[in-house]
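Notes follow the structure.
In the UniProt record's numbering, the protein residues as written are 1 to 350.
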């Protein structure tokens, strides 16, 4: 298809084995809304919004670039994003894809739009934590998951040619497991404002590489600035993500500027400390801070679950100011639906 627009449905597009055109999809949408399961109703709502004649879709941001808000996203920009993903990952019409992300979020919306625009043969399943456990022996060319889904699907992922994982950071232990697979696995970087991912890296690599028609720079805070006029209405998104630019197309993600801890005048990046501790604590954890009369802020290790004795030897690889001054146990972390830990909300102040 040449220069597709948001009014187009690729003639090779299939949903759960059926060729569907625009009118068919609208009928399916009404059926999902009236008779579908809870997870299918948002699919119906989105499809009707997509074909409603307006040039935009309204979405809620996660707060990656500031206070969460509702924004208008241009439908043609979503088409352009789908085309860029197709180019980057070498997707072709007729490729088999699996949709297992909730459509209420941008990643799930875009998986559906990629399939409609690129002509993918899409199987749609409930967005559960074990999305592949009840599937048959079908092989897939392209699948998108959050880390928790990938962790729970390790046995089935050999049936996937290319997997993209986003929404939250891939832990070192999961990365090691994914690298053992014959599957091409990529960690993605993006947000609602950039219409899902604008960069990706193969597991095992350090640098993210941007998609076609995306350029990057950084501001005076060393935070990533994204230029993508074909997919961003304002043409530029200024993030709160501290980065190191490798070249004009690649960057290293260092951490969030709003997570930085100032302890005794020394700035500490929690994400970098977490990488050093990865694999040394057999539960979910993260690095945070508490107010401290002497240091201003002190570093604390927040661990999920019941308290237990932690060998302080695990801190030997940390710099003096990186070493946690306190360990806090939280029975259950609060998190977003895609598994991203809500750090401030989870930490119980004592």
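C-beta atoms are modelled at their ideal positions from N, C-alpha and C, and glycine is treated no differently. All values reported here derive from a predicted model rather than from experimental measurement.
- Who does residue 217 pair with in a DSSP beta bridge? What you label residue 217 is simply residue 217 of the chain shown in a count that begins at 1. Per DSSP, the beta-bridge partners of residue 217 are 225.
- Contacts around residue 145, its chain only, beta-carbon distance under 6 Å, and the 5 residues preceding and following it disregarded: Within the chain shown, the letter at position 145 stands for residue 145. Counting only Cβ-Cβ distances below 6 Å, and skipping sequence neighbours, we find 165.
- Spatial distance of residue 169 from residue 157 (CA atoms): If you number the chain shown from 1, residue 169 lands on position 169. If you number the chain shown from 1, residue 157 lands on position 157. Going from the Cα of residue 169 to the Cα of residue 157 covers about 19 Å.
- Taking the CB atoms as reference points, tell me whether residue 34 and residue 55 lie closer together than 7 Å. Against the chain shown, residue 34 aligns to sequence position 34. Against the chain shown, residue 55 aligns to sequence position 55. No, they are not a contact pair.
- Item | From 106, 304, 266, residue whose alpha carbon lies closest to that of residue 295 | As a working note, residue 295 is residue 295 in the chain shown. The residue among 106, 304, 266 with its C-alpha nearest the C-alpha of residue 295 is 266.
- Message: Buried or exposed, going by whether 16 or more other CB atoms sit within 10 Å of the CB of residue 159?
- Response: Here the question's residue 159 lines up with position 159 in the chain shown. Result: buried.
- Would you kindly report the start and end of the unbroken alpha helix (DSSP H) that includes residue 150? To locate residue 150, count along the chain shown from 1; it is residue 150. It spans 147-152 - the alpha helix (DSSP H) in which residue 150 sits, taken as one unbroken run.
- Ranges of the beta strand (DSSP E) found wholly within the stretch 240-293, counting only runs of at least 3: 250-256, 261-263, 266-268, 285-292
- Pick from 287, 307, 120 that is closest to residue 140, judged by C-alpha positions: Position 140 of the chain shown, counting from 1, holds the residue named residue 140. Residue 120 is the option with its Cα nearest to residue 140.
- Message: Could you give the first and the last residue of the continuous alpha helix (DSSP H) run that contains residue 85?
- Response: The residue given as residue 85 occupies position 85 in the chain shown. Here the alpha helix (DSSP H) through residue 85 covers 75-89.
- Integer Cβ distance of residue 263 from residue 298, believed to fall under 8 Å: Within the chain shown, residue 263 is the residue found at index 263, counting from 1. Within the chain shown, residue 298 is the residue found at index 298, counting from 1. Yes, they are in contact, since the Cβ atoms of residue 263 and residue 298 sit about 6 Å apart, within 8 Å.
- Query: Are residue 188 and residue 197 closer than 7 Å when you measure CB to CB?
  - Reply: Start at 1 with the first residue of the chain shown, and residue 188 comes out as number 188. Start at 1 with the first residue of the chain shown, and residue 197 comes out as number 197. Their beta carbons are under 7 Å apart, which means residue 188 touches residue 197 by this criterion.
- Message: DSSP has residue 313 in a bridge; who is on the other side?
- Response: In the chain shown, the residue the question calls residue 313 occupies position 313. Paired residue(s): none; residue 313 is not in a bridge.
- Cβ neighbours of residue 36 in the same chain (closer than 7 Å, five flanking residues each side left out): By 1-based counting over the chain shown, the position of residue 36 is 36. Once the five neighbours on either side are set aside, the close Cβ partners of residue 36 are 44.
- Task: For residue 21, count neighbouring C-beta atoms within 10 Å of its own C-beta (all shown protein chains included) and say buried if the count is 16 or more, exposed if not.
- Result: Indexing the chain shown from 1 puts residue 21 at position 21. Exposed.
- Using 8 Å as the Cβ pair cut-off and three pairs as the minimum, do the stretch 24-31 and the stretch 75-93 touch? no
- Query: Going along the chain, which residues of its own chain have a beta-carbon closer than 6 Å to the beta-carbon of residue 29, five neighbours each way excluded?
  - Reply: Stepping through the chain shown from its first residue, residue 29 is reached at position 29. Here the set comprises 44, 47, 48.
- Message: Taking the beta carbon of residue 345 as the centre, do at least 16 other beta carbons fall within 10 Å, making it buried, or is it exposed?
- Response: Reading the chain shown from its first residue, position 345 is the one you call residue 345. Residue 345 should be labelled exposed.
- May I ask you to report which of helix, strand or coil DSSP gives residue 188? To locate residue 188, count along the chain shown from 1; it is residue 188. Strand at residue 188.
- Alpha carbon to alpha carbon, how far is residue 16 from residue 281? Give it in angstroms, no decimals. Translated into the one-based positions of the chain shown, residue 281 becomes position 281. Translated into the one-based positions of the chain shown, residue 16 becomes position 16. Residue 16 has its alpha-carbon roughly 41 Å from the corresponding atom of residue 281.
- Query: Does the beta-carbon of residue 192 have 16 or more other beta-carbons within 10 angstroms, so that it is buried, or is it exposed?
  - Reply: Taking the chain shown and counting its residues from 1, one reaches residue 192 at position 192. Residue 192 is buried by the Cβ-count criterion.
- Does DSSP put residue 72 in a helix, a strand or coil? Taking the first residue of the chain shown as 1, we reach residue 72 at position 72. Looking at residue 72 - three-state DSSP - the assignment turns out to be strand.
- Message: DSSP three-state label for residue 174, please.
- Response: Position 174 of the chain shown, counting from 1, holds the residue named residue 174. Here residue 174 sits in helix by DSSP.
- Query: Straight-line CA distance for residue 231 to residue 208?
  - Reply: The count along the chain shown starts at 1 and reaches residue 231 at position 231. The count along the chain shown starts at 1 and reaches residue 208 at position 208. Distance between the alpha carbons of residue 231 and residue 208: 19 Å.
- Query: Got a sec, what are the start and stop residues for the alpha helix (DSSP H) residue 234 sits in?
  - Reply: As a first step, residue 234 is located in the chain shown; it is residue number 234 there, counting from the start. Unbroken run through residue 234: none, as it is neither H nor E.
- Query: For residue 1, which of helix, strand or coil comes out of DSSP?
  - Reply: Along the chain shown, read from residue 1 onward, the residue named residue 1 stands at position 1. At residue 1, the pLDDT of 45 sits below 50, so the modelled position is not reliable; the number obtained from the coordinates is stated separately. Three-state result, residue 1: coil.
- As assigned by DSSP and simplified to three states, the class of residue 105: Taking the chain shown and counting its residues from 1, one reaches residue 105 at position 105. Note: residue 105 maps to coil in three-state DSSP.
- Identity of the residues DSSP links to residue 19 by a beta bridge: In the chain shown, the residue the question calls residue 19 occupies position 19. Beta-bridge pairing links residue 19 to 14.
- Task: My understanding is that residue 142 touches residue 89, with C-beta atoms under 8 Å, so please give their C-beta distance in whole angstroms.
- Result: The residue you call residue 142 lines up with position 142 of the chain shown. The residue you call residue 89 lines up with position 89 of the chain shown. That pair is a contact at about 7 Å.
- Query: If you run the structure through DSSP and keep just helix, strand and coil, what is residue 329?
  - Reply: By 1-based counting over the chain shown, the position of residue 329 is 329. Strand, per DSSP.
- Message: For the pair the stretch 243-253 and the stretch 279-293, tell me if three or more CB-CB distances fall below 8 Å.
- Response: no
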